[in-house]
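>
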Amino acid sequence: MERTELDKIIALLRARYPDGDKCSLGFNSAFQLLVSTILSAQCTDVRVNKVTPALFARFPDAASMAASDIDELESLIKSCGLYHSKAVNIRNCARMIVDDFGGEVPDNLNDLVKLPGTGRKTANLVMGEWYKEPAYVIDTHVKRIWHLLGISDSTTPETIERDLRALIPPDDPSAADALALSHLLITHGRSTCVAGRPDCDNCCLKEHCAHYIAL
Ligand code: SF4
Numbered sequence: 035m036e037r038t039e040l041d042k043i044i045a046l047l048r049a050r051y052p053d054g055d056k057c058s059l060g061f062n063s064a065f066q067l068l069v070s071t072i073l074s075a076q077c078t079d080v081r082v083n084k085v086t087p088a089l090f091a092r093f094p095d096a097a098s099m100a101a102s103d104i105d106e107l108e109s110l111i112k113s114c115g116l117y118h119s120k121a122v123n124i125r126n127c128a129r130m131i132v133d134d135f136g137g138e139v140p141d142n143l144n145d146l147v148k149l150p151g152t153g154r155k156t157a158n159l160v161m162g163e164w165y166k167e168p169a170y171v172i173d174t175h176v177k178r179i180w181h182l183l184g185i186s187d188s189t190t191p192e193t194i195e196r197d198l199r200a201l202i203p204p205d206d207p208s209a210a211d212a213l214a215l216s217h218l219l220i221t222h223g224r225s226t227c228v229a230g231r232p233d234c235d236n237c238c239l240k241e242h243c244a245h246y247i248a249l
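In the working numbering, the protein residues as written are 35 to 249.
See below:
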C-alpha cells in the first residue's frame with residue numbers, strides 16, 4: 035500500500051472516531067502508564083481504569099511498588115485477571131527500574147523491553163505516549179485489521195512494525211501518525227471490525243479494505 039492511501043485511511047478513521055487516536059488508559063507518570071499497560075493484557079482498559087486509582091494511591095511509583103507485599107498487590111489487581119503473573123511482573127519490573135535505572139522508567143526501547151512483562155507493544159506505547167517519540171504499537175486489533183486491509187503481506191507484530199516504520203519513518207514530520215493509527219485501529223477493532231464478526235456494511239474503510247473488496 036502507498037503512503038497516500040494509508041493517509042486516507044488515517045483521515046477516515048479520525049473522522050469516524052474523533053477521540054479514537056488517544057490512549058484510553060489513565061496515568062500520571064511513565065511508571066503508571068507502564069503498569070496500566072501490563073495490567074491491560076487480556077483485560078479491558080475500562081476495567082484497568084477502575085483498578086488503578088486504588089493501586090496507584092497505595093503504590094504511586096516504582097520505589098513503593100518494588101517494596102510491595104505480593105498478596106496485597108494481587109488483591110488490588112485481582113479483577114484484571116491473570117493477577118498472580120501480573121503482580122509478579124509488576125513488582126519485578128518496579129525492582130529493576132529501582133535497581134538498574136535509578137527509579138526512572140527508561141526512555142529508550144532497548145532498555146524498556148528488558149523490564150519484566152514488557153514486550154515491544156508496551157515499550158512502544160510508553161515511548162509514544164509518555165516520551166512523545168515515534169512509536170509503533172502492534173496489538174491484536176492492529177494485527178488483525180492490518181491483514182484485513184491488506185496494507186502489506188505482513189502477519190506478525192514484528193513484520194507489521196517493520197512495514198509501518200517504512201511507511202511512516204521515525205524522522206517523518208508526521209511520525210506521530212504511526213501511534214495515532216494504532217490507537218484508531220484498536221478503537222475500530224473494538225467497535226466495528228470486531229474479531230470474527232466485522233460490521234463491514236457500516237465500516238468507513240470498506241473502499242480501502244482488501245478483505246471487503248474480495249467478498
Ligand atoms: S470492511 Fe469489514 S473487514 Fe474491512 S476493515 Fe471494515 S469491518 Fe473490517
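A virtual CB, placed ideally from N, CA and C, is assigned to each residue, including glycine.
Do you know offhand how far Ala96's Cα is from Glu192's?
Between the alpha carbons of Ala96 and Glu192 lies a gap of roughly 29 Å.
> Regarding Lys42 and the ligand SF4, is the C-beta to nearest heavy atom distance less than 7 Å?
no
> Counting beta carbon pairs with one atom in the region 78-98 and one in the region 237-248, are three or more of them shorter than 8 Å?
As far as the Cβ criterion goes, the region 237-248 does not touch the region 78-98, which means the pair count is below three.
> Answer yes or no: the CB of Thr174 versus the heavy atoms of the ligand SF4, is any distance below 7 Å?
no
> With DSSP collapsed to three states, give me the class of Arg48.
helix
> Do Val122 and Phe65 come within 8 Å of each other at the CB atom, strictly closer than that value?
no
> First and last residue of the alpha helix (DSSP H) that includes Ile131?
117-135
> Measure the alpha-carbon distance for Ser74 versus Cys127 and round it to whole angstroms.
When rounded, the separation of the alpha-carbon atoms in Ser74 and Cys127 is 15 Å.
> For Phe90, which of helix, strand or coil comes out of DSSP?
Phe90 sits in a helix when the DSSP states are folded into three classes.
> Helix, strand or coil: which one does DSSP assign to Pro191?
helix
> Quick one, are the C-beta atoms of Arg224 and His175 less than 8 Å apart?
yes
> Is it buried or exposed for His118, if we count other Cβ within 10 angstroms and need 16 for buried?
exposed
> Would you tell me roughly how many angstroms separate the C-alpha atoms of Gly153 and Val147, rounded to the nearest one?
The straight-line gap from Cα to Cα measures roughly 5 Å.
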